[in-house]
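For reference, the structure is listed below as structure tokens.
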Amino acid sequence: MDLSFIAVQLLSGLTMATLLFLVASGLTLIFGVGNVFNFAHGSFYMLGAYFAYQTVSALHTNFWAAALMAALGAGIIGMLAEFLFLRRIYGRSEEGGFQILLTYSFILVIDDLVKMIWGTEYKSLLRPAGFQGSISAGDVTMPTYNLAIIAIGLVIVVLAWLILTRTRPGRVARAAALDREMLGAMGVNVPLTMTLVFGIATALGGFAGALAAPLRSVTPGAGIEVIIDSLIVVVIGGMGHFWGAWLGALLLGEVTSFAVAIVPEWASVVGYLVMVLCLIFKPEGLFAPRQVRKA
Amino acid sequence: MEWILKLDGLEKAFGGLRVTASVSFAVKEGEISAIIGPNGAGKTTLFNQITGHLLPDKGKITFLGEDITGWRPQQIVKLGMGRAFQITSVFPEETVLENVRLACLSRRDEVLTYFRPVRRFKEATDEAFAILESLGLRQHAERPALELAHGDQKLLDIGVALGLEPKLLLLDEPTAGMSPEERHLTRDLIKRLWKEFNLTLIFIEHDMDTVFGIAQTVRVLQLGALLAEGTPDEIRSNPAVITAYLGEDLT
Amino acid sequence: MELGRGLKQTAFWLVLFAGFALVPVLSTSKYHMLLASHILLWGLFAVAFNMLWGVTGMLSFGQALYYGLGAYAVGLMVKHVGTGWFLPGVALGLIGAVILSIAVGLLIIRVSGVFFTVLTLAFGQLAWQITFRWYHFTGGDDGIQSIIPPGILGNGLVYYYFILVLVALSIWLLQRLSQSPMGVLLRCVRQNPSRVPFLGQSVRFSQLRVYVVSSFFSALAGSLMAGVDNSIHTDMLYWTTSGEVILMSVLGGIGQFFGPFIGAGVIIILQDVVGAKTQYWPLMIGIVMMVMVLLLPKGLVGEFQSLSARLKSLAAPR
Chain A
30 MDLSFIAVQL LSGLTMATLL FLVASGLTLI FGVGNVFNFA HGSFYMLGAY
80 FAYQTVSALH TNFWAAALMA ALGAGIIGML AEFLFLRRIY GRSEEGGFQI
130 LLTYSFILVI DDLVKMIWGT EYKSLLRPAG FQGSISAGDV TMPTYNLAII
180 AIGLVIVVLA WLILTRTRPG RVARAAALDR EMLGAMGVNV PLTMTLVFGI
230 ATALGGFAGA LAAPLRSVTP GAGIEVIIDS LIVVVIGGMG HFWGAWLGAL
280 LLGEVTSFAV AIVPEWASVV GYLVMVLCLI FKPEGLFAPR QVRKA
Chain B
-2 MEWILKLDGL EKAFGGLRVT ASVSFAVKEG EISAIIGPNG AGKTTLFNQI
48 TGHLLPDKGK ITFLGEDITG WRPQQIVKLG MGRAFQITSV FPEETVLENV
98 RLACLSRRDE VLTYFRPVRR FKEATDEAFA ILESLGLRQH AERPALELAH
148 GDQKLLDIGV ALGLEPKLLL LDEPTAGMSP EERHLTRDLI KRLWKEFNLT
198 LIFIEHDMDT VFGIAQTVRV LQLGALLAEG TPDEIRSNPA VITAYLGEDL
248 T
Chain C
69 MELGRGLKQT AFWLVLFAGF ALVPVLSTSK YHMLLASHIL LWGLFAVAFN
119 MLWGVTGMLS FGQALYYGLG AYAVGLMVKH VGTGWFLPGV ALGLIGAVIL
169 SIAVGLLIIR VSGVFFTVLT LAFGQLAWQI TFRWYHFTGG DDGIQSIIPP
219 GILGNGLVYY YFILVLVALS IWLLQRLSQS PMGVLLRCVR QNPSRVPFLG
269 QSVRFSQLRV YVVSSFFSAL AGSLMAGVDN SIHTDMLYWT TSGEVILMSV
319 LGGIGQFFGP FIGAGVIIIL QDVVGAKTQY WPLMIGIVMM VMVLLLPKGL
369 VGEFQSLSAR LKSLAAPR
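Protein chains in written order, with the working numbering: chain A, 30 to 324; chain B, -2 to 248; chain C, 69 to 386.
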């Protein structure tokens, strides 16, 4: 195990972490602000991949435009899903449970609709022009596209931080995470906030799906794997804790990356083990504030 | 033992806010007493510490000779402390009878049975009916708790607490939200229950008629600290208390 | 009044039992017996699941873990030890389910609500991953075939009645549990968990107990299913299996004890009639689930009961 090996794994772990973060941050955003666990979040990731594919093959646009279209498309569908369906069950006494069931039914519907429209064969999406090669520094060789993903991820993280801390909508979102009712009493349009948050979160997920498409093929099953991974990230980082999602993604991405290189058969199980360890020692998430629980 | 509950130097702060400031007092067995104080004085927070729902930062709570500081609520309940809540907290889908019966079963350690239908537990059922009778809720026995009027739900809340045969019962604003007539009836009921069930009673109240009507001892909290302690007459004429309640009718 | 209700329920169960007992008599088709077996075992699985969800308010998206454990305990015994080891396999599955549910329960019952659900899903998937990848031991995606119950149970008819008796007994036990003081406590844990400590009881211990009980019967369902289909597959551990049992409960009605059983029956029959003819069965289930959640939250049985109660009050003399 030499330095270049470690460097390569670190970087590919970072790529994985970026994609994970984009998806998991949306998941944790929806939960933090709206107290909804969007089980179908992986399906929006998958939709993003398909939208990007469709945009490129039908409209022959460049990759980046397609990725943005994917984000937009996923965001719009997310907002529709929230507005038309999810909204009807806010405030029901069994709220948490039925929300999960409703978002679970979204998965079934979206996944089958995707199969209906695009069929079940694997589709492929080429990497964007200019990013199809790799660059080397010494013994370390990385595909440029992977590095581009990392860069994009960093930009989004910084943007997110700025928005959440410096702008009013960002502060509203953070306040909503703490006390939704209070926010309504202060005159903020809570339902609109919820719909917008849902849209932004699903757009992030769709964008991630588009970005990931050239790396893995575009398939109907993609959504389900992603939701489990996002789940692990969010458990590690703490549900509703935005920065926890970033750190959790980093941890999972790096651990998995090294695991893939060392014990490829069991790489996916390693992620679960990390999660179980976190559960044993800090069930509310490694980075969530310590909860004072009594009895 | 003269006293049944003793607080020693209880302290609690949330962030920088001191909600319980070195509170100490002793409650005599069989006493019926009230805790009063302006809003935000920390009365409910004090209750929460006594019942184990909140851990005090400093100080000691002794109940029936045991140091219960840090005990879990269910352990304190089993020892003999009961509580009725400010916002009624019953089991809405269960019948009125079932609500109280479950408490009786718990006291009799009969809850952890898996195979006998609950209606076959005769003693617990009889006890529950007796309690409902005392509270005037007998006729509602088979109705789901959520169908009860607000005042009756409050009574049911007390009934559930009584099912546990507590030696000390804490009532959190028992007459809140009631009409003057209902308050009068509740006052008489509390006094009757106190004698009938041999209780030591502490209640938090804002309604001064109730306080001065039935309490033997009155304790005043202000900003988390015990301001004064004494008989109703002593408290009524205490200048510090009057100042604290400026503008409120104490007679 | 309680007696009347009890009598009605007993009558209902007897009719149901008789109905299932008569299936091999009324129809010579092995296929109908197979269908009935599936309804019985999924029905048990769903009723056991609902002890967690409808009764105690714990939505577990990972009961497939125990269902699959039961199935694989039998399958692995038969595969690695010998074809006669079917019943010890069942016993092993049950013991394993108890031990595992205690371990997992202690770990995850510390959190509640959505967190709990998410964690049950994760553990279920972990079990699936391990079973899927451990090809040499479990056969992975190939599953395990030729699981034949030993001796006289190898006869399809005998095995059918064997299942019927076990399922009836299990459901009877679960019903007794829901009517016992423990059952009342579990319902109260769902309705008002913060009041429960003030009754002198522990919310967490109650939840752990029902989790173990539910998992035990889920494993039993899985074990017996191995003998019905004579094969098992990793799909039994996949999260969609957990989803199916939830769907059955929601469809039938989580607020009634026998709701999930009815739901299981409806889904299995529908799946047989409709599902076989279309490849978009998940789409249909998804839509059914959406309809149930949005419009008929009490489930078929619950909504039917509400409807009949309303009709009765309309017909009653004023």
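We treat Cβ as the ideally placed atom computed from N, Cα and C, and that holds for glycine.
Keep in mind it's a predicted model, so treat the numbers as computed, not measured.
Within chain A, not a single residue places a beta-carbon under 9 Å from that of C/M119; the smallest gap is close to 15 Å. Taking 8 Å as the cut-off, the Cβ atoms of A/V65 and A/V255 do not count as close.
For B/A81, no alpha helix (DSSP H) encloses it; the enclosing beta strand (DSSP E) starts and ends at 78 to 81. Assignment of alpha helix (DSSP H) within the region 104 to 158 of chain A, counting only whole runs of 4 or more residues, yields 124 to 147 in chain order. Taking 8 Å as the threshold, the shortest C-beta distance from C/Y348 to chain A falls below it. Annotation note: the region 145 to 187 of chain B contains the following uninterrupted alpha helix (DSSP H) runs of length 4 or greater, listed N- to C-terminal: 147 to 160.
Judged by their CB atoms, A/A241 and A/L48 are nearer to each other than the 8 Å cut-off. Relative to B/L224, the option among B/I58, B/A241, B/R189, B/L102 whose CA is nearest is B/A241.
Apart from the 5 residues on each side of it in sequence, A/T285 sits with its Cβ closer than 8 Å to the Cβ of G42, M45, A296, S297, V299, G300 in its chain, given in chain order. Between the region 109 to 126 of chain B and the region 64 to 71 of chain B there are fewer than three C-beta pairs closer than 8 Å, too few to call the two in contact. DSSP places B/V87 in the coil class of the three-state scheme, outside both helix and strand.
Listed as beta-bridge partners of B/K192 by DSSP are no residues whatsoever. Cβ-Cβ distances below 7 Å link C/V280 to V166, S169, I170, G173 in the same chain, with the five nearest sequence neighbours on each side left out; the list follows chain order. Three or more beta-carbon pairs separated by less than 8 Å are not found between the region 255 to 271 of chain C and the region 138 to 151 of chain C, which leaves the two stretches without contact. A residue is called buried once 16 or more other Cβ atoms fall within 10 Å of its Cβ, and A/N67 is buried on that count. At a cut-off of 8 Å, the C-beta of C/F326 has no neighbouring C-beta in chain A. In the three-state reduction of the DSSP assignment, C/W349 falls in the helix class.
Within chain B, no residue has its CB atom less than 8 Å from the CB of C/P365, the nearest being about 15 Å off. DSSP, reduced to helix, strand and coil, places C/Q197 within a helical segment of the structure shown. In this chain, the beta strand (DSSP E) harbouring B/I32 covers 29 to 33. Taken atom to atom, the span from the alpha-carbon of A/L142 to that of C/G370 is near 31 Å. With 16 or more other CB atoms across the displayed protein chains lying within 10 angstroms of its CB, C/Y135 is buried.
Around the beta carbon of A/M145, fewer than 16 other beta carbons lie within 10 angstroms, which makes this residue exposed. Closer than 8 Å to the CB of A/W147 there is not a single CB belonging to chain C. By the neighbour-count definition (other C-beta atoms within 10 Å, threshold 16), B/D154 is a buried residue. A check of alpha carbon separations from B/F60 across B/F22, B/G37, B/D54, B/I33 identifies B/F22 as the nearest. If you draw a straight line from the Cα of C/F325 to the Cα of C/M119, it is about 8 Å long. For B/A173, no Cβ of chain C is located within less than 8 Å of the residue's own Cβ.
Counting only unbroken stretches of 4 or more residues, the alpha helix (DSSP H) elements lying wholly within the region 192 to 226 of chain B are 205 to 211, in sequence order. In this chain, C/S262 is not harboured by any alpha helix (DSSP H), its DSSP state being neither H nor E.
The beta carbon of B/E90 lies closer than 8 Å to those of P141, A142, L143 in the same chain, with the five residues before and after it left out. Each residue's CA atom was taken as its position, placing A/A278 and A/Y174 some 19 Å apart. Within its own chain, the residues whose Cβ lies closer than 6 Å to the Cβ of A/I136, once the five positions on either side in sequence are excluded, are A69, S72, listed in chain order. Here B/L61 carries a coil assignment [DSSP, helix/strand/coil]. Remark: fewer than three beta-carbon pairs, one from each stretch, lie closer than 8 Å, so the region 147 to 162 of chain B and the region 107 to 117 of chain B are not flagged as touching. Per DSSP, the beta-bridge partners of B/W0 are B/K25.
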